[in-house]
Amino acid sequence: MLEHIKKHRYKILCIAPLLIFLLIFTFLPIAQVIILSFQPAAKTDSVTPPGSGDNFTLAHYQDLFFQKDFRQAFFNTVFIAFLSLALELSLGLSFALLLCKNSKIIRFLRPLFILPLAIPTTVVGVMMSYLFTASGWLNRIFLNLRIIDSPIYWMSGGVKSLLMIALADCWKVTPLVMLILLAGIQSIDTSLYKAARIDGAGSFYIFKRITLPLLLPSITAAVIIRGIDAFRIFALPLILMGQNLKVIGTFAYLEYSEFNNPYVSAASAVLLLIMILSAVLFYIKVVGKKGIVPA
Amino acid sequence: MADLRLVNINKNFDKVQALSGVNLTIKQGSFCVILGPSGCGKSTLLNLIAGLEEASQGKVYLGEKEITGLPPHKRNMAMVFQNYALYPHLSVFENIAFGLRIKKEKEKQIKEKIEQVSKALNLEDKLGRLPRELSGGEKQRVATGRAIVRDPELFLFDEPLSNLDARLRVELRSQFIKLHQRIKKTIIYVTHDQLEAMALGEIIVVIKNGRIQQISPAQELYAVPQNLFVASFIGSPPMNIIKFTLKKKDTKIQLIKENLVIELTNDVTQKILSYLGQDIYLGFRPSAVRFGPAGQIKGKVIFIENIGEDSYAHIEIIEGTEIIAKVNDKDARVGKNSVNFNIDNQAMHFFDLQEKRI
Amino acid sequence: MPTKIYKNLKFNFILLITFLIFYFLGCQPTEKTRTLNITMSLGEEEWRVLREEIFPLFEKEHEIKINSYQIEAGQLATKLQALLEAGRSEIDLFAQDNMELSRLINQDLVLDLSVYQSRIPDEVLANLIDSCKFDGQLMFMPFRPNVQIIYYNQDAFKKYNLIPPKTWDELLNVAKTFKEKEEQGKVLLKAFGGNPTATQIYEFILQAGGDPYMFDDEGCVKAFTFLKELWPYVSEESRRAKWDTTNQILAEQQAYLAQNWPFGVIILVQEYNLPFIKTYSGWSGPRGEFHVIGGDVFGIPRNTPKKELALEFIQFMQSKEVQEILVSKLGWPSIRQDAYAKVSGWQEPYYQAVTTALKKGVFRKNVTWWPAYVKYISEAFREIVIGEAQVELTLKKYKEKLKKDKSLYK
Amino acid sequence: MKKRIRAAIFLITILILILVFLFPLYLVLKISLSKPQDIFVEKPTYLIKNFTFEHFKSVLLSGETFLNPLKKSLLTGILASILGLLVSIPAAYSISKFNYKLKYALILVIFMTRMIPEISIALPITISFIKIGLFDNILGLTLAHLIRILPVSCFILVGVFSGFPDELERQARIDGASASKAFIKVVLPLSLGGITVAGIFSFLLSWDEFIYASYLTLARPTMPIKMYYYISRGDIFSSATYAVIITIPVLILTFALQKYIKPDFLSGAIKG
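If you want it as structure tokens, here you go:
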């Protein structure tokens, strides 16, 4: 083992600062949160730093599963995550396909598509509240275009609000997915398209049998980066729906800041961590090697 | 039968004139090679025939049917690319079967055809592999297999051997010839390697800057180059070309350049008499040099290249002008630095100042 | 091309680093002079008056410098807790919204001030002092009472010749008229949940003679039944209505009648100068007119070394002289009976609405489990008023839930 | 002829898409530029009726209350990006040299830090920051922002360096350069584009960060905190103006360096 380290001495030296930083400033706090989630809710006056009580309890996790609130938050999170991921991938892919030509105009217009990525989430929250209110712009446009005859009450909870949050999140992040997929598309050798066209393939067939499979590694990259953040959504649901529609992120925040229950908040955060980790590992197993290393 | 006819083809990409005034007829079943330096428009011509690119002006006919605007998959042609263009994510079997799957042929039929083709190209044990696991030669054969299995009307090869090592190239060349004899379909083969062109092509089309220089069988191309470019491009080592002034001294016709004087015998002179007093180009192959004490031309040997059973001497005849002469072991005395030689008058080529053959 | 860029990039890269190091070394303020760090959550106009006219008086008298910082009500508790647990005391005195006090108590972040009750001037209203107590312990000091007033769109009311409603029935009638005339509800209720919704229901229950914390007594049932009856005629914007969005809804004329804190006057009238916005104290229910008294209270972080200076500052702020500046310049209701000052011109009519509402003011009993109450009363509101669930049964259900959660609090 | 029509249709669809896609941003711009009486009406118009710069004037000329947050946000953003790059460039370069399995595992471990809600670990981190004296100053906020930045910049840079042909570096080593020299002389200059992209993303992540900014600032708020102040007071004009001001530097950044944003830097470690 020793000479192995000696051989890679230089590499380990480079990675050290990164891993040390991450260890101190993220792995330790995460460990603290995990420990907190198993600590009994001792009747301490203030939240003494965790690690003091050493015994171990699953009370908070049981408590979570019996809470209708948490089950609802769990469903909302999964629903929003999958909906926004699906939207982002399909929109991102169509934008990428549209913008992959390198003509001068496209190169000029492409940064415009990157703009939403640059806007802070607090600003996006404000913008979306202009759009999605009962008398907001979206209803007015739909009414003018006769798509709907009476205004949709986006903020009244239920599937409509979930769709609203997914759309808001997807608006800000689709550019990132577009850029990742654009990278994948532009790395495909164009002579493949020529060969396929000569073999008699139509453009849809080419997309299905060549572009898509070769894009799998980029799709994996997009799913992993976005998937993690989609489950972890917090700012948008809080700004747009507050306590009316909870996702695990807002549930953990409110449980801690409003309802003075740090243990349950920590437990819900840990559950979210386990959920994301297993989702990512499951995806990698399903996609397998060909989904990760480009052909 | 379906001859391929290209009529007054022009092709330009915004400012660059890729093809201009191309008229070409390729008889059905012939092995036609399109030869030219890189960037002369030969690949553009091939893409145009395949339908991957559209001609700016002009028409393309296959037999009686005009196919100018027809999309590639309606032309029933197959093409092999320089970088093979194998689908990296599909196995060799799937790569070859790609065209058949599009035509929705039955699985049994596909299996049979691929068995047959893979046996012919000895790829039987490679069918399950992925392209990146194959060697250059194997990749090349898979690309060819993919073209053959579709049994197209016409084959297009875009410099398929340029990425391979010399020995493999020679081996695959013979396979192409055998392939052509077996399937008797038209093959249009693009290359920049004139040796390959001479070896393969029944008909060779030489192109430069988008213009056809000459269309003729290999031997005629070597023996009767129609212009200076074809003359210098065909044959290795290249033909010696020197500009002389044509003079008449009492009854003798002479080629004069500075202090070098070459007298020509009468049988050669009829066709060049009209150029008396003007400058013309004299071209002669290295094999046309005849050493001997009576040689009119005196020169100094610079070095001798030995490549296999014949070797070539680089001789400087006048200040700054060198020629290459083929030397066989008989002329051992060439080792000395100064030497005399004559040029076999029958093997002389003459070109006017417009580089046209006289 | 890259190497050329790389050359001068490398040069100004180093330049930037040196500049940054100098800068951020230099910007650590060295705190030699005696200072008092206080935090509040005020509007820009309010900050200007305090910093230019009030703080200098105290600073001259005690030769100290006051550092005043803006912290949102929702973010104060977290900062105090972080500072306390890290053993640092950056904040010596804070003013906090009296709706957000329970977390400060539950996490034991403030100093018990009972022993200093005698320092409060006698002119300060007695019930105001009681509102700063938790289980009889004086944990905070009165700073500024506040009460919500009703904003209404004068033009709209004139158009349908309606008068601002003074009773529940008139309110219902006004709501029905607007709905009928403009096929969209124009009376705004706070349905977003959280403190805005809880405070509104608290007032309706008081007006129906109930005890809000009983959750399911006769008054509560009457209040919820009325709200259930009113809801169909209410503006759809109510779902997103809370204290900050109400101003926008009123300004955009999506609603013609809405209740909100007086800070809306400055924004709607002074900043947006909307002529049609008028105010009055509000309506009364079957058992009379009641309004919850909100506002801010002073608190002292447990670990501050400058407790004495902070207490002197509180006393200074409660003095007659300061109260009169606050009344005249900002139209704040005074905590003293004897602070009579003329409210400046344009603010006068709006100030009237605040004083009359204050006369009908009632203090919310301070309980540590207020957040749990807010959570369940909001859910009850959503289920009964919006979801049209049965009143008594649902209230009982949430009463049980509240009882179970009380154990989490002190 | 057919080709030109297709190109025209193609361009029109893109313009429509841009219009639809950037409509929310236009809304905020419209509010920040129009007079109150245009906004506070039953049916506000689509176009800006009468222009006014008074909101921008009032914000830009408000002196310290505007300049301080801007200065802090800009400095924190730049410092965080530079520190982020200084840490992640060497690390990403070594990670990109491992075989794909190990590389993938490392990337997942680094991304583990982003799998827990930011809010849950924000408080313990804030407490430890305050303990070591990093309260309310630029260094503290920068280190806090690095927590968000490092995983992303590492991911991008591993992608950039994986795509880098090894022959160039080997060539430099043959010419006598030591490992670090080869890296600085050959690899760094040529992957400058990818590093810029990582820099831009780092700046973006720091520029719009809210949670750590609200926990770790007292006297000197950052731009998002300042903007949240106006949102929570319901003052839509100042919040819209701040929103536009917050977006402008990023707009300039992306446009100025867009030739660097060659998309293939973003395919991440997966390009392998």
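Chains as they are written, first to last, in the numbering used here: chain A, 11 to 305; chain B, 113 to 470; chain C, 3 to 412; chain D, 4 to 275.
No residue lacks a Cβ here, since even glycine has one placed at the ideal position from N, Cα and C.
Residue-level contact to chain D via CB, Ala1(C), 7 Å cutoff: Residue 1(C) is absent from the model: chain C starts at 3 and stops at 412.
Grab the span of the alpha helix (DSSP H) containing Val401(B) for me, first residue to last. Looking at the DSSP string, Val401(B) is not in any alpha helix (DSSP H); the run it does join, the beta strand (DSSP E), is 401–403.
Can you grab the Cα-Cα spacing for the pair Ile214(C) / Leu148(A), in whole Å? Strictly speaking, residue 214(C) in this sequence is Pro, with Ile absent from that position. Cα to Cα, the separation comes out at about 39 Å.
Are Ala245(A) and Val187(A) closer than 7 Å when you measure CB to CB? no
If you draw a straight line from the alpha carbon of Gly146(A) to that of Glu87(C), how long is it in whole angstroms? 44 Å
Status (buried if at least 16 other CB within 10 Å, exposed otherwise) for Thr363(B): exposed
Per DSSP, what kind of secondary structure is Lys364(B) in: helix, strand or coil? strand
First through last residue of the beta strand (DSSP E) which encompasses Cys144(B): 143–147
Within-7 Å CB hit, His201(B) to chain A: yes
Where DSSP assigns a beta bridge to Thr37(C), which residues make up the other side? DSSP lists Lys67(C) as partners of Thr37(C).
Out of Phe341(B), Ser450(B), Thr381(B), which one is the CA nearest neighbour of Pro149(B)? Phe341(B)
Any chain B beta carbon closer than 7 Å to Ala91(A): no
Is there a C-beta anywhere in chain D that falls below 7 Å from the one on Met137(A)? yes
In whole angstroms, what is the alpha-carbon distance linking Ala216(D) and Gly80(D)? Cα to Cα, the separation comes out at about 12 Å.
Name the DSSP beta bridge partners of Ser380(C), please? According to DSSP, which records beta bridges pairwise, Ser380(C) is partnered with nothing at all.
To the nearest angstrom, report how far apart Phe54(D) and Lys33(D) are at their CA atoms. A direct Cα-to-Cα measurement between Phe54(D) and Lys33(D) gives close to 9 Å.
Under 7 Å, Cβ to Cβ, is there at least one residue of chain D near Glu92(C)? yes
Are Leu266(B) and Thr298(B) touching if we call contact CB-CB under 7 Å? yes
Proximity winner among Ser113(A), Pro130(A), Pro227(A), relative to Met230(D) (alpha-carbon distances): Pro130(A)
For the alpha helix (DSSP H) holding Pro27(A), just list the boundary residues, first then last. 19–32
Chain B contact for Leu202(A) (CB, 7 Å cutoff): yes
How long is the line joining the alpha carbons of Ala91(A) and Leu141(A), rounded to whole angstroms? 21 Å
Can you tell me the Cα-Cα spacing of Lys123(B) and Asn188(B), whole angstroms? 23 Å
Less than 6 Å between C-beta atoms, sequence neighbours within five positions excluded: which residues of the same chain meet that for Ile416(B)? Ser423, Ala425
I want to see whether chain D comes within less than 7 Å of Tyr235(C), judged by CB atoms only; does it? no
Alpha carbon to alpha carbon, how far is Met460(B) from Met351(B)? 10 Å
Give me the chain A residues within the contact set of Leu149(D), using Cβ-Cβ distance strictly less than 8 Å, ordered along the chain. Phe31, Phe35
Of the choices Leu207(D), Gly143(D), Gly136(D), whose alpha-carbon is the least far from that of Val155(D)? Leu207(D)
Would a check of beta-carbon distances place Phe214(A) closer than 7 Å to chain D? no
Would you mind telling me which residues of chain A sit closer than 8 Å to Ala209(B), beta carbon to beta carbon, in chain order? Per Cβ cutoff of 8 Å: no residues; Ala209(B) is ~10 Å from chain A at best.
Note down, in chain order, all residues in the segment 360–393 of chain C with a beta-carbon under 9 Å from any beta-carbon belonging to chain A. Listed by position along the chain: Thr370, Trp371, Pro373, Ala374, Val376, Lys377, Ser380, Glu381, Arg384, Ile388.
If we define contact as Cβ-Cβ less than 7 Å, is Gly301(C) a contact residue for chain A? no
Environment of Tyr49(D) [buried if 16+ CB atoms lie within 10 Å]: With fewer than 16 Cβ atoms within 10 Å of its Cβ, Tyr49(D) is classed as exposed.
Can you find a CB in chain B that lies within less than 7 Å of the CB of Arg207(A)? yes
Please go through the same chain and pick out, in chain order, the residues whose beta-carbon is closer than 6 Å to the beta-carbon of Ile273(D), but skip the five residues on each side of it. Any reading at Ile273(D) must be qualified, since the residue scores a pLDDT of 42, below 50, and its modelled position is unreliable; the value itself is stated next. Cβ neighbours of Ile273(D) beyond the five flanking positions: none.
Can you tell me whether Thr116(D) is buried or exposed, with buried defined as 16 or more other CB within 10 angstroms of its CB? buried
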